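Notes follow the structure.
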Amino acid sequence: MAGSSDDLKDDTREDIAEPGLDDNCLLAVANKLGCEWVELASELGFTLHEIVTIEENYRGRVIRQGWTMLVKWKRAQSTRLEQQITELCTSLKKKGREDIVTFLRGFPTMSVEIHMISKGTQTAPVTINLLMNLSDSSEEPNKIRRSLSHFLALYHGVLDLVISGSVICVVRMMSREGLNKFWSMYTTGELANKLTKILITEELTTEDKSDFAIQVAIPKSDYDKACTFFDELEEDQRKDKDPAERSDPAEHAEERLTEKMERLPTTTEGSSDMMKVEQLGGRSTSTTAYSSDPAEHAEERMEEKMERLPTTTGRYSVASICAGDWWEMTKILKLPGH
């Protein structure tokens, strides 16, 4: 007797290491984002404290910072893979990064043609019913489409389109790992068996389900094109010596400022040191007003810099903007130790 997608959980648990968007896909997105990951993080709901923590953990490594943020966001999601992609693309559009949206929508597809076969039973009504169920792209999809989407997500696959005539599902593959395992299932016949369990259900037919089975056909050219896509993607990533470690010169602004601060003479009069720090930072016009009591106006200085944050994060990171006042910022954020 046919089962549901829940019956497949034990069979597929080890097929893909982690659900949701593939980490390598997110690395490619981080590589394209560069310093703009801070703006995207804010759009995705990260707090200032969370952003600063990521920057401090991977200081000067802008791609690693962006990738870490995206992975944290992915792991916090309880939504399906399709919804994750939609949410990420929506946020990218709001930040003017249509180029990355186009990149994500350009991952390779495979045409999975599904044939219904039976033992002496007419298949036309069942095939039509299957087509109608899989074509339902409403926000709350029916059980059959939902079960198929869940199964495809185990292999980083997204159901993009259902074509009438025979039932053809266009599946977008979001990782090489998922592509290879999906293709391996197809060539061994395992894919047809699993789709039979998923698709032939009470919702599809009231006939004896043991009379029905699924046959699958996928063009070898689709697999070859997908392999070429991931080959080129990996080659692009290799062009950078280490994409996860690559940094932008602006990311080292805080380190350069820290070095200058360490060379300042030690003094018990905080006012002269504070004036020098503000001058080195090069972004304050209120040094004289604060020089009488540096600690008194710490919060005002931080508020001024935070007000400038939305217009500068495209070029400088949060840590760079707040360089020289990081200790005051920890007080304002009420971090442990204050």
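Residue numbering for the sequence shown follows the UniProt record's numbering, starting at 1 and increasing by one per position. From the three backbone atoms N, C-alpha and C, an ideal C-beta is built for every residue, glycine too. As the structure is a computational prediction, the values presented were derived from the model and not from experiment.
Report task. Evaluate the contact criterion for the stretch 141-161 versus the stretch 212-222: three or more CB pairs, one atom per stretch, below 8 Å. Result -> Segments in contact, no.
Report task. State the Cα-Cα distance for the pair aspartate 22 and serine 135, rounded to the nearest angstrom. Result -> As a position in the sequence shown, residue 22 is number 22, starting the count at 1. As a position in the sequence shown, residue 135 is number 135, starting the count at 1. The alpha-carbon atoms of aspartate 22 and serine 135 are separated by roughly 26 Å.
Query raised in the report: How long is the line joining the alpha carbons of phenylalanine 107 and cysteine 35, rounded to whole angstroms?
Result: Here residue 107 refers to the residue found at position 107 when the sequence shown is read from its first residue. Here residue 35 refers to the residue found at position 35 when the sequence shown is read from its first residue. One C-alpha to the other measures close to 24 Å.
Requested in this report: Tell me methionine 110's beta-bridge partners as DSSP assigns them.
Outcome: On the sequence shown, residue 110 is found 110 positions in, with the first residue counted as 1. BP columns for methionine 110 point to Val171.
Query - C-alpha gap between cysteine 89 and lysine 95, whole angstroms - result: Mapped onto the sequence shown, residue 89 falls at position 89. Mapped onto the sequence shown, residue 95 falls at position 95. Those two C-alpha atoms are separated by around 10 Å.
Query raised in the report: Since valine 216 sits in a beta bridge, which residues does DSSP pair it with?
Result: As a position in the sequence shown, residue 216 is number 216, starting the count at 1. DSSP, once it has assigned bridges, lists Ile114 as partnering valine 216.
Query raised in the report: Around the C-beta of threonine 311, are 16 or more other C-beta atoms found within 10 angstroms, so that it is buried, or is it exposed?
Result: As a first step, residue 311 is located in the sequence shown; it is residue number 311 there, counting from the start. Note that threonine 311 scores 40 on pLDDT, short of 50, meaning its location in the model is unreliable; the coordinates nonetheless yield the value given after this. Answer is exposed; the Cβ neighbour count stays below 16.
Requested in this report: Can you tell me which of Leu70, Glu50, Asn129, Arg176 puts its alpha carbon nearest to the alpha carbon of alanine 226?
Outcome: Position 226 of the sequence shown, counted from the first residue, corresponds to residue 226. Minimum Cα-Cα distance from alanine 226 among the listed residues Leu70, Glu50, Asn129, Arg176 corresponds to Arg176.
Requested in this report: Locate the alpha helix (DSSP H) running through leucine 148, then write down its first and last residues.
Outcome: By one-based count along the sequence shown, residue 148 stands at place 148. Unbroken alpha helix (DSSP H) run through leucine 148: 143-153.
Query raised in the report: Any idea if isoleucine 128 is buried or exposed, counting beta-carbon neighbours within 10 angstroms, 16 or more meaning buried?
Result: Residue mapping note: residue 128 aligns to position 128 of the sequence shown, counting from 1. Isoleucine 128 is exposed by the Cβ-count criterion.
**Report entry** Under the three-state DSSP convention, the category aspartate 160 falls into
**Finding:** For the purposes of this step, residue 160 is identified with residue 160 of the sequence shown, where counting begins at 1. If DSSP states are grouped into helix, strand and coil, aspartate 160 belongs with the strands.
Query raised in the report: Cα-Cα, which of Gln237, Met110, Gly66 is closest to tyrosine 155?
Result: Indexing the sequence shown from 1 puts residue 155 at position 155. Looking at the Cα atoms, Met110 is the closest of the given residues.
Query raised in the report: For valine 171, which option in Glu235, Ser210, Ile114 has the closest C-alpha, if you only look at C-alpha atoms?
Result: As a position in the sequence shown, residue 171 is number 171, starting the count at 1. Answer by Cα proximity: Ile114.
Query raised in the report: Starting from leucine 81 and walking both ways along the alpha helix (DSSP H), at which residues does that stretch end?
Result: Counting from one through the sequence shown, the residue named residue 81 turns up at place 81. Where leucine 81 is concerned, the enclosing alpha helix (DSSP H) stretches over 81-94.
Query raised in the report: Would glycine 45 be called buried (16 or more neighbouring beta carbons within 10 Å of its own) or exposed?
Result: In the sequence shown, the residue the question calls residue 45 occupies position 45. Classification of glycine 45: exposed, given that the 10 Å Cβ count is below 16.
Query raised in the report: Relative to the C-alpha of valine 112, which residue among Thr228, Asp99, Asp231, Ile168 is closest?
Result: Counted from its first residue, the sequence shown places residue 112 at position 112. Nearest C-alpha to valine 112: Ile168.
Query raised in the report: Expressed to the nearest angstrom, what Euclidean distance is found between the alpha-carbon atoms of threonine 228 and lysine 209?
Result: Here residue 228 corresponds to residue number 228 of the sequence shown, with the count starting at 1. Here residue 209 corresponds to residue number 209 of the sequence shown, with the count starting at 1. Approximately 39 Å, taken between the alpha carbons.
Query - Same chain, Cβ closer than 8 Å to valine 71, neighbours up to 5 away in sequence not counted - result: Walking along the sequence shown from the start, residue 71 turns up at place 71. Here the set comprises Asp23, Leu26.
**Report entry** Whether isoleucine 144 touches glutamate 203 by CB criterion (8 Å)
**Finding:** Taking the first residue of the sequence shown as position 1, residue 144 is located at position 144. Taking the first residue of the sequence shown as position 1, residue 203 is located at position 203. Contact flag set, yes.
Report task. Would you kindly work out how many angstroms separate the C-alpha atoms of glutamate 190 and arginine 64, rounded to a whole number? Result -> Translated into the one-based positions of the sequence shown, residue 190 becomes position 190. Translated into the one-based positions of the sequence shown, residue 64 becomes position 64. One alpha carbon belongs to glutamate 190, the other to arginine 64, and they sit about 38 Å apart.
Query - Euclidean distance between Cα positions of serine 91 and tryptophan 37 - result: If you number the sequence shown from 1, residue 91 lands on position 91. If you number the sequence shown from 1, residue 37 lands on position 37. Their backbone Cα atoms lie some 11 Å apart in a straight line.
Query raised in the report: Between tryptophan 67 and alanine 41, is the Cβ-Cβ spacing less than 8 Å?
Result: Here residue 67 refers to the residue found at position 67 of the sequence shown. Here residue 41 refers to the residue found at position 41 of the sequence shown. The answer is no: Cβ separation not under 8 Å.
Query raised in the report: What did DSSP end up calling threonine 201 once you bin it into helix, strand or coil?
Result: Reading the sequence shown from its first residue, position 201 is the one you call residue 201. Of the three classes helix, strand and coil, the one that applies to threonine 201 here is coil, per DSSP.
Query - Cβ neighbour criterion (16 or more within 10 Å) applied to asparagine 133 - result: Along the sequence shown, one-based indexing puts residue 133 at 133. Residue environment for asparagine 133: buried (at least 16 other C-beta atoms within 10 angstroms of its C-beta).
Query raised in the report: By Cβ distance, which residues of its chain are closer than 8 Å to threonine 79, with the 5 residues on each side in sequence left out?
Result: Translated into the one-based positions of the sequence shown, residue 79 becomes position 79. Excluding five sequence positions before and after threonine 79, the CB atoms of its chain that fall closer than 8 Å to its own CB belong to Glu87, given in chain order.
Query raised in the report: Helix or strand or just coil, what does DSSP make of arginine 176?
Result: Here residue 176 is taken as the residue at index 176 of the sequence shown, counted from 1. Three-state DSSP puts arginine 176 in a helix.
Query raised in the report: Using a Cβ-Cβ cut-off of 6 Å (strictly less than) and excluding sequence neighbours within five positions of leucine 179, which residues of its own chain qualify?
Result: Residue numbering aside, residue 179 sits at position 179 when the sequence shown is read from its first letter. Counting only Cβ-Cβ distances below 6 Å, and skipping sequence neighbours, we find Met173, Ala226.
Report task. Have a look at threonine 47 and arginine 61 and give me their C-alpha separation to the nearest angstrom. Result -> For the purposes of this step, residue 47 is identified with residue 47 of the sequence shown, where counting begins at 1. For the purposes of this step, residue 61 is identified with residue 61 of the sequence shown, where counting begins at 1. Their Cα atoms are separated by approximately 20 Å.
Requested in this report: In angstroms with no decimal places, state the Cα-to-Cα distance between aspartate 211 and alanine 76.
Outcome: On the sequence shown, residue 211 is found 211 positions in, with the first residue counted as 1. On the sequence shown, residue 76 is found 76 positions in, with the first residue counted as 1. Roughly 42 Å separates the two Cα atoms.
**Report entry** Whole-angstrom distance between serine 221 and glutamate 39, CA atom to CA atom
**Finding:** Along the sequence shown, one-based indexing puts residue 39 at 39. Along the sequence shown, one-based indexing puts residue 221 at 221. So the two alpha carbons sit approximately 39 Å from each other.
Query raised in the report: Which class does glutamate 207 belong to by DSSP, given the choice of helix, strand or coil?
Result: Indexing the sequence shown from 1 puts residue 207 at position 207. In this structure, glutamate 207 counts as coil in the three-state DSSP scheme.
Query raised in the report: Going straight from the alpha carbon of phenylalanine 182 to that of leucine 199, what length do you get?
Result: In the sequence shown, residue 182 corresponds to position 182, counting from 1. In the sequence shown, residue 199 corresponds to position 199, counting from 1. Taking the straight line from one Cα to the other gives about 17 Å.
Query raised in the report: From lysine 74 to glycine 20, what does the alpha carbon distance come to, in whole angstroms?
Result: Here residue 74 corresponds to residue number 74 of the sequence shown, with the count starting at 1. Here residue 20 corresponds to residue number 20 of the sequence shown, with the count starting at 1. Approximately 7 Å, taken between the alpha carbons.
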